[in-house]
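My numbering applies: residue 13 is where the sequence shown begins, and numbers increase by one.
See below for the structure under consideration.
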Amino acid sequence: MALTQSQHARQERMLNVAARLASEGGFDAVQMRAVAAEADVALGTLYRYFPSKEYLLVSAMLRQIETLAERLAVSPPRGDDPLGRVVDVLGRANRALQRQQQFTIAVVRALVSGDETVAPVVRQVRSLMSSMILAAMERDDPTEREELVAGLLQEIWLSALVAWITGVAPPSSVTEKLAAAAGLLLGGDRSPTDVVVV
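Below you can see the structure in the form of structure tokens.
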């Protein structure tokens, strides 16, 4: 069911507060009571929209990915071929998240929390990333293989984010690994090292 204008505004306030708190202090700084108070909503109202802190944070991540999708509609991915355009999309997603390190750590932590209530929003994040990758591949009617490739790339993207936020890999390696994976899956005869990482 679609939200009314006032419900949408209320939801946006809650997401804005959660994103700001996460950006300032990470996962632990996002307390449901504080979000409700700062968004000027009752705690019960917050829980009706977002049943858990993890759900709230993953919803904030989804909103950021939706913003990226809107930007891509205005400024399409650069690249001479599907591989170049996919690498550009993944690079833009990474740069947006790496600019807000505390926020990204918080939302990825929520994403992998194991909280089953988060599954519907996680599916939306994954679906939107796959859709952006398919759009960069310029596939309006993708084959099963192309859908599989897009799904694998979004899964590699999430895995690389987890490696970054846990300190296993430096931020720069996320884009490099994604370019290499895209090269292997989409490059045909091209080597992954032929891809320019911007």
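The C-beta atom is built at its ideal place from N, Cα and C for all residues, glycine as well.
Entirely enclosed alpha helix (DSSP H) segments - the segment 48-112, minimum 4 residues: 55-61, 65-86, 94-110, all fully within the segment 48-112.
Range covered by the alpha helix (DSSP H) that runs through Val29: Run containing Val29: 17-37, per the alpha helix (DSSP H) assignment.
Three-way DSSP call (helix, strand, coil) for Met149 in this model: It is coil, neither helix nor strand.
Burial state of Ala31 (16 or more Cβ within 10 Å): Flag for Ala31 reads buried.
CB of Leu198 within 8 Å of CB of Val101, strictly: Contact: no.
Beta-carbon gap between Ala172 and Ser142 smaller than 8 Å: No, they are not a contact pair.
Validate contact between the segment 102-110 and the segment 49-69 using beta carbons, cut 8 Å, 3 pairs: The segment 102-110 is not in contact with the segment 49-69.
Rounded straight-line distance, which links the Cα of Trp169 to that of Val70: Taking the straight line from one Cα to the other gives about 15 Å.
Top-ranked residue by Cα proximity to Ala14, from Leu55, Arg135, Tyr61, Arg111: Proximity to Ala14 across Leu55, Arg135, Tyr61, Arg111 peaks at Tyr61, based on C-alpha coordinates.
Nearest-angstrom Cβ-Cβ length linking Leu68 and Val47, presumed shorter than 8 Å: Rounded, the Cβ-Cβ distance is 7 Å, consistent with contact.
Outcome for Val208 when other beta-carbon atoms lying within 10 angstroms are tallied against a minimum of 16: Below a pLDDT of 50, predicted positions are generally treated as unreliable, and Val208, at 48, falls in that range; the measurement from the model is reported next regardless. Counting the other CB atoms within 10 Å of its CB gives Val208 a total below 16, which places it among the exposed residues.
Distance CB(Gln113)-CB(Glu36) smaller than 8 Å: Contact check for Gln113 against Glu36 fails: the beta carbons are separated by 8 Å or more.
Contacts around Pro63, its chain only, beta-carbon distance under 6 Å, and the 5 residues preceding and following it disregarded: Here the set comprises Thr129.
Per-residue DSSP class, three states only, for Val124: Reduced to three states, the DSSP call for Val124 is coil.
Cα-Cα separation between Gln19 and Ala192, rounded to whole angstroms: Distance between the alpha carbons of Gln19 and Ala192: 43 Å.
Reference Gly179, options Gly96, Ala41, Leu80, Arg121, closest by Cα: Closest in alpha carbon position to Gly179, among Gly96, Ala41, Leu80, Arg121, is Arg121.
Closest by C-alpha distance to Pro183, when choosing among Glu159, Glu24, Met73, Arg111: Among Glu159, Glu24, Met73, Arg111, the Cα nearest to that of Pro183 is on Arg111.
Gly126 versus Phe39 - alpha carbon distance: Near 15 Å, if we compare the C-alpha coordinates of Phe39 and Gly126.
7 Å CB neighbourhood of Arg45 in its chain, flanking five on each side removed: So the list reads Leu55, once near-sequence residues are dropped.
Proximity below 8 Å, CB of Val137 to CB of Ile77: Ile77 is positioned such that its CB atom lies closer than 8 Å to that of Val137.
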